[in-house]
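Visitor: To start, I am sharing the structure in question, which I have written as structure tokens.
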Amino acid sequence: MAAGLFLAFFIILGLGVVLVAMRGGPRGVRDTLEVGRRRPLHAAEFAVAGAIAVFGIAVPAVVLLGDQASAGPGGATLSADEAEGRQIFAEKCATCHQLDDANAVGRVGPNLDELQPPVELTLNAIKQGRAGNGQMPAQLLEDDQAKQVAEYIADVAGR
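If you use the numbering used here, the sequence shown corresponds to residues 56 to 214, in order.
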């Protein structure tokens, strides 16, 4: 609620500044109020008002209403389980593995974008662990979490 009021305040303030500027600054507004006459709006003023409406209101609304949480940095649209898998991957796996979609740049484990492991291989690695440059511990994730991470990796690796 507080964020909405904060945003509304600055939108109103910005529109007020633009409208004062369109009337010729403070002197133009004062002259209009003192004389009591209004000059007709020109086409350019309508164009500016339309641009403000489109770029200041419509574009942010489309972005805010869009489903950005389900798309990774690589642009892949994820299911709810895969989105959860991305978050778990970021917490548990990103320090060792590289995966572009998760912005993970780990150097210890294999690069998952190059390996592109199927779900079964990832589940097996999570369950049994792996030895290599480092040691991936066995049972790092629970069954549901492991499945979410494996499906996420299979969907985004190499894309």
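Even glycine gets a Cβ: it sits at the ideal position worked out from N, Cα and C.
Source: prediction; values computed, not measured.
Got a sec: is the Cβ-Cβ distance from D198 to anything in chain B below 7 Å?
Guide: Protein chain content of the structure displayed is limited to a single chain, and chain B is not contained in it.
Visitor: CA-CA distance, F64 and P115?
Guide: Using only the alpha carbons, I get a separation of about 16 Å.
Visitor: Tell me where the alpha helix (DSSP H) around L170 begins and ends.
Guide: Residues L167 to L170.
Visitor: Ends of the alpha helix (DSSP H) at I208?
Guide: That run of the alpha helix (DSSP H) goes D198 to V211.
Visitor: Please classify A203 as buried or exposed, where buried requires at least 16 neighbouring CB atoms within 10 angstroms.
Guide: In the sequence as displayed, the identity of residue 203 is Gln instead of Ala. Buried is the call here.
Visitor: Here's the rule: buried if 16 or more other CB atoms are within 10 angstroms of the residue's CB, otherwise exposed. What is M56?
Guide: Burial call: exposed.
Visitor: By DSSP's criteria, M191 is part of a beta bridge. Which residues make up the other side?
Guide: DSSP output for M191 lists R185 as bridge partner(s).
Visitor: With a threshold of 6 Å on Cβ separation, who are the neighbours of M191 within its own chain once the five nearest residues in sequence on each side are excluded?
Guide: Same-chain partners within the cutoff: G184 and R185.
Visitor: Name the DSSP beta bridge partners of L154, please?
Guide: Note: L154 sits in a beta bridge opposite A159.
Visitor: Taking the Cβ atom as the reference point for each residue, do V174 and A138 lie within a distance shorter than 7 Å?
Guide: The answer is no: Cβ separation not under 7 Å.
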